[in-house]
Every structure is written in structure tokens, then in C-alpha cells.
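The block underneath contains the structure these notes are about, expressed in C-alpha cells.
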Amino acid sequence: MERITSKKDLLAAYQACKGMLALRCVSEHDINSTKKELLCCGGTGCHASNSGELMQNLRDAIAEAGLSQDVKVVQTGCFGFCAQGPIVKIMPDNVFYVQVTPEDAKEIVEKHVVGHQLVERLLYVEPMLKERIHDYAKMSFYAKQQRISLRNCGLIDPEDIREYIASEGYQALAKCLCDMTREEVIQEVLNSGICGRGGAGFPTGLKWKIAAGTQADEKYIVCNADEGDPGAFMDRSIMEGDPNSIVEAMAIGGYAIGAQHGLVYIRAEYPLAVSRLQIAINEARELGLLGKDILGTGFDFDIEIKLGAGAFVCGEETALIHSMEGMRGEPTTKPPFPANIGGGYWGCSTNVNNVETYASIPVILQKGAAWYSKIGNWQIETDEKGNWKKTVSGNSGTKVFALAGQINNVGLVEVPMGTTLREIIYDIGGGISGGHGFKAVQTGGPSGGCITKENLDTPIDYGNLAKIGSMMGSGGMIVLSDKDCMPAMAKFYLGFTKDESCGKCTPCRIGTRRMLEMLEKICDGNGTEETLDELERLANTIKDTALCGLGQTAPNPILSTLRYFKDEYLAHVINKKCPAGTCQKLYVLTITDDCIGCTKCKRNCPVGAITGELKQKHFIDPKRCIKCGACIEGCPKKAIVKE
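For what it's worth, the numbering used here labels the leading residue of the sequence shown as 450, then goes sequentially.
Below you can see the structure in the form of C-alpha cells.
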């Protein structure tokens, strides 16, 4: 493709490329079509499940059938339905195959591509209907989603900029550079109501306005791709599936605030995301969509990638900036804020937004703030010109959540703000796995809190979650069942934040360690009611005195579980029992009279703690038992219990 030097050239490129997606935009079932595209998930999760080998096997089978001219295998980004991966979607047939293995490739080609018949065993079984469904749009997992940030994930090849252009990519950048002033771009983002999706929820347009209003010789625009919450993979999937959307959005942001340099701070543990983002940057440079005089407008802008070492604290913008400068990732007091002189990268005015925020920007600028602001549950106050003045309640747009834990449909979901937790967990997530009961959902990762069944009908937005003692965070959503112990869950998150503390301030450096020690005493059965009182007092003190968001929010899992599950803590310290049966020092394994003496538990025990003869009741020596659970898993009569 030739260099694109004007808005007219970009339109011509779009017209030349849009045919590449023709087969993928068909929604009608057309299994008899001779030309087909096999879209295969190429995200990290599916790569780990041999999707690379699967794609190669599909290509080999297609070549063997002599159909290489008519049938194409396309590597896409994450489809989101991670519990069912690897996924193969065949277009224009609109057929969605799940849990596909490399060994299934030949059957798919022979039966579906050549024989025009569905491979029934690979179709998704809808749990509620108990029937196989071939159309993903009719699956409960997707039915209530509205994909904006994830719009191209699972649709286009992330390593081919032509496919991004074919999906109207870079049109928003052209509109901004050629038809809008910097002030108009910022006002449009303000009017859309989009807030930072990294967790703080600060209005993005207002952040841009502050940076644009700072008089400085040099400015930077930064993408925070340091996604560190346990169980969160939203940003990673966007970068792996649609990296050009980040490139385009950063260029728009650079134009809006007057910056010529962009930096993406991304953890080195995301090699696939790093690779695809670098490919997108290189291809944009080659086409003239990055670099000097973009689209002939005189605007210069380029992007470089900065690798981080995976420190959770570097998700905080001042710690991130220090890490990019080659220093320890430690936060600083504000002001000065990054947008101010002296507060940003190398002391320059700097604007920082996260990946998901940037992913929505091109759509907002292309379709308009009015379109975006109708999505969600927000109410606003405007000035005499109809422009955004302040948000009265709610939030606009959509939010991506990484749904994990004790849930049937693990994966990425994108829903409008205002969607209830009940809809996400039961309608989209398919309910609690293993037939267990719902206990709570942890939102906001280690910085958030737990939400109980009494609040399942809470509409999700930043304000509502804060009211019930939790937070949006970056979008991690861990579902907990009645088999989960809440003090143990709080201990897990405190262990994480203790390890991730940068150590700069005493409340976080020492306080998280002391809180963890108290939780360990409680879970080991050595705590008292006084321990609980001390824990709560210390948690509130750290919340009020820590330097940055990591320390200030570290006590949240403790405070929210104490608020809603005080009875579980009391059971640990008074009765010396773990109601969920997960704290190892608070139970012993015993074999009931249901034992048939099959000897399976005895054979499975790695430490020889079980004795007994064939067809006679067996016994467990509590002194030798390490409580690994191998005996429980193997018992055909479920005769081994925790007491």
C-alpha cells in the first residue's frame, strides 16, 4: 500500500481495503458459500491452548483439499469467550465452533468447508436451553454485550493495518486533523462523558483540557498498559486484538493537547501484546499515519514503547513516569500533577490514560459524543450551549470486565454502564460453577471490595460501587462461591499488595505486612476478637495515611469483608472453624462410614497417611496428612469430609 498523505488518500485506501472484510460482515447463515474465512482466536489464552498449531492444521487441510484460493484462515484477537477457547468462527456461514483442538482441523475442513455440513459436536451448548447454537449473537454470553472498546477483537487480523483501515480505522484521526480544532476535539470528548477506565474514573476530556491548557515547550501523551490486577486481562486483549486503535487514539490525544511524542508503558510479561503493538506502530509509520506531517496537516506525532518490569505500583501514573525515566517505580505527592510543569515525564506536561480509555476514543470522535453519551446510565448538567458542565449521576459508555473465579462463562465482557451485577453474573456469566451458591463478587482487584447478594441488582458505575464499599478498578471481577473463605480471600489480596508495595511510605511498607500477619493468625486459628479490632483500626489508619492509591486501597478487601462477613471472622477466632473448609489448619480430614474400602484414597495419598484393608473402612492419620485433597477427589462415595 502506498503512503497516505491526505484525507483523500485515506478514503481511497478505505475503499480499496474494505473488501477484505466483506465475508466477515455477513450475518445470514450461508453454509453453501464457496468462499470462506476461518477466523481463529489468536489471543494469549488460545495461543497457550495450541491455537497456533490449530491454524496451521487448518491451512494444511485446506491446501490438501485444493481450496487455498477460496478459503482463508485469519488470525484474530480474543473473542472474549475464554472458557470456550480455542474458537473458530467460519464466515460468511456465521458458525461458531468452541473448544477446538488441532486434531479437529481436518474434520472442520472435510465436513464443513467441503461437505457444507455443521460439525455438531463442536457447537456451543447453551446451558439454559440445553441445545447447540451456531450463531454467537444468540448465545447468552454475547446477547447483552455492547462491544465498543472490543469492537474489532475477534473480527480483524491485528497484524495487518489494512484490515483496521477496512474497518474505518484512522477515519477519526483524519476528521480531527482536517476538520476540527484542538478545542473542538477536547469538547467532543468532554461531551461524550467518558471517564478513565483505569479505575479512578476521572473525566477524560477534562484531563485533556488541563493538559492542553498548560503552556509548555514539550508535552507527552502516555498510554498506561501496565495491567497488574490479579485476574485482569482487558488491556492485554485489546492490544493483542486491536493495537491500531491505541495508535490512532494516542495520535488524536497528541493533537488535542499539543504533544508530538507518545509513549506506551507496557509490562514485558505481555510479549504478544508488545509484538503486535510494535507491528501496528511500524505499519502506521510506513503509511505516513505516524511521523512527520500526518495527512498533510503539518501535525507531527510518533510513538515509542517503554517496557516495564511488572510492578503493580507502576499502574499509578507518577510511579509509571518514574519507571519510564529509568528510576524506581515510586509515586510522588501531587501537586504537581503530571499535566503540570515539573510533574510529568522528564518534568514536562504529560497526559496519561489507560488502554481501554484510548480504545473508545476513535469511535467517539467518529460517531459523535451524542451517540456515545446515550449509552449507559448517566445524567448531566450542561451549559447554555449544550456542552457538558458536570455529571449529576451515573456514567456514559461501556465497561470491559474480566469475569473470572467461580463462574461458568469465564472471559471478557463489555456492557453498558448501568448493567446490574446480576445480569453480568447470571445472564452473561452463566451462573456459579459446580452447582455452588453465590457468596460475593470482588470488583477492583486488590484495591476493591466484595459485593454480596443483597447488592446484586446494583447498576454498575463508579459512584454506585463506591457507595456499597467497592470500586470499579480497571475491571477485574472475581466471583466467589460458598466454597470460598472470605478471610482467606482478604489474606490473598493483602499478600499481593504487600509484595507489590514500593516501600516508599511507612503506612504501606509496614502496615500491609502487619495486616497480613494478623490475617495469617486468623486463618491459622490463632486470632482473637482483639485481633479483629486491631486489624480494623490499622486498616482504617492505612487507608487515611498511605501516600498513593496502592496503599490507600490495600485495606479495602479487609474492610469490606469485615463489613459483610464478620460472622466468618468470628467463626475463625472464636470457634476455630473455617465455615468454607478452606483454611487448612482449621479442619481435619476424616473418612465416614460410607467408605467401601476400595483403597483408591490410600493409593492416591502422596504421604501414606491413609491405612485400611480392601473392602474395609479406611482411616486417615491427622499427623501425617498434608491436606492436599487428592483423597477427596478420588473417592467414588464422597466418604472423605472436612471436620
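Positions of the beta carbon are idealized from the N, C-alpha and C atoms, including for glycine.
Fair warning: this is a prediction, and the values are worked out from it, not measured in the lab.
Consult DSSP for residue i and reduce its assignment to one of helix, strand or coil.
| i | result |
| --- | --- |
| Asn-543 | coil |
| Ala-818 | helix |
| Gly-501 | helix |
| Cys-899 | strand |
| Glu-1092 | coil |
| His-710 | strand |
| Arg-716 | strand |
| Glu-983 | helix |
| Ala-592 | helix |
| Lys-656 | helix |
| Val-1093 | Any answer about residue 1093 is impossible in this case: the structure gives the chain only from 450 up to 1092. |
| Asn-673 | strand |
| Cys-495 | helix |
| Gln-566 | coil |
| Phe-651 | coil |
| Leu-756 | strand |
Count the other CB atoms, across all protein chains shown, that sit within 10 Å of the CB of residue i; report buried if there are 16 or more and exposed otherwise.
| i | result |
| --- | --- |
| His-771 | buried |
| Pro-1004 | buried |
| Leu-1019 | exposed |
| Glu-949 | buried |
| Cys-527 | buried |
| Ser-762 | In the sequence as presented, Ser is not what sits at residue 762; that position holds Val. With 16 or more Cβ atoms within 10 Å of its Cβ, Val-762 is classed as buried. |
| Glu-612 | buried |
| Asn-481 | exposed |
| Thr-990 | exposed |
| Asn-800 | buried |
| Arg-716 | buried |
| Asp-678 | buried |
Near residue i, what residues of its chain come up, given a Cβ to Cβ distance below 7 Å and the 5 sequence neighbours on each side ignored?
| i | result |
| --- | --- |
| Ser-1009 | Gly-898, Cys-899, Gly-918, Ser-919 |
| Leu-987 | Gly-960, Arg-963, Met-964 |
| Pro-1055 | Cys-1077, Ala-1079 |
| Asn-1053 | Ala-1079, Cys-1080, Gly-1083 |
| Lys-902 | Phe-887 |
| Tyr-942 | Pro-895, Pro-1006 |
| Asp-910 | Asn-826, Gly-843, Asn-844, Met-866, Gly-867 |
| Leu-736 | Met-450, Arg-452, Ile-453, Ile-610 |
Can you list, in chain order, the residues of its chain whose CB lies under 8 Å from that of residue i, leaving out five sequence neighbours each side?
| i | result |
| --- | --- |
| Phe-1068 | Ile-1040, Ile-1059, Thr-1060, Gly-1061 |
| Cys-474 | none |
| Met-577 | Ser-589 |
| Gly-883 | Gln-855, Ser-930, Lys-932 |
| Leu-655 | Leu-639 |
| Ala-615 | Tyr-463, Cys-466, Lys-467, Gly-468, Met-469, Leu-470, Ile-605 |
| Thr-746 | Leu-626, Cys-627 |
Residue i lies in the beta strand (DSSP E); which residues open and close that run?
| i | result |
| --- | --- |
| Phe-850 | 847-854 |
| Val-801 | 798-803 |
| Ile-1038 | Rather than Ile, the amino acid found at residue 1038 in this sequence is Leu. Taken as a continuous stretch (DSSP letters only), the beta strand (DSSP E) holding Leu-1038 covers 1038-1040. |
| Gln-891 | 887-892 |
| Asp-742 | 740-743 |
| Thr-831 | 828-831 |
| Glu-575 | 573-575 |
| Gly-582 | Here residue 582 is Ile; the residue named in the question, Gly, does not match the sequence. From DSSP, the beta strand (DSSP E) with Ile-582 extends over 580-582. |
Would residue i pass as a contact of residue j if the rule is Cβ separation under 7 Å?
| i | j | result |
| --- | --- | --- |
| Glu-978 | Val-1022 | yes |
| Ala-729 | Asn-693 | yes |
| Gly-648 | Ala-853 | no |
| Gly-775 | Asp-675 | no |
| Ala-937 | Ile-810 | no |
| Arg-646 | Ala-705 | no |
| Ala-708 | Ile-670 | yes |
| Leu-507 | Ile-539 | no |
| Val-849 | Glu-779 | no |
| Cys-972 | Cys-1032 | yes |
| Val-568 | Ala-514 | no |
| Pro-1089 | Leu-1038 | Note that residue 1089 corresponds to Ile in the displayed sequence, not to Pro. Contact: yes. |
| Gln-533 | Gln-548 | yes |
Provide the residue span of the alpha helix (DSSP H) that contains residue i, from first to last.
| i | result |
| --- | --- |
| Glu-779 | Glu-779 -> no alpha helix (DSSP H), and no H or E assigned at all. |
| Met-926 | Taken as a continuous stretch (DSSP letters only), Met-926 belongs to no alpha helix (DSSP H), being part of the beta strand (DSSP E) at 925-930. |
| Val-638 | 631-641 |
| Pro-936 | 935-949 |
| Lys-456 | 456-466 |
| Cys-490 | Counting along the chain, Cys-490 falls outside any alpha helix (DSSP H), though it belongs to the beta strand (DSSP E) covering 485-490. |
Among residues of its own chain, excluding the 5 on either side of residue i, which ones have a beta-carbon nearer than 6 Å to its beta-carbon?
| i | result |
| --- | --- |
| Val-574 | Arg-581 |
| Gln-595 | Thr-847, Pro-865 |
| Ile-927 | Gly-680, Ala-853, Gly-854, Gln-891 |
| Pro-652 | Cys-644 |
| Asp-906 | Thr-869, Arg-871 |
Is residue i a contact residue of the ligand GTP, with contact defined as CB to any heavy atom under 6 Å?
| i | result |
| --- | --- |
| Val-1037 | The ligand GTP is absent from the structure shown, which contains no ligands of any kind. |
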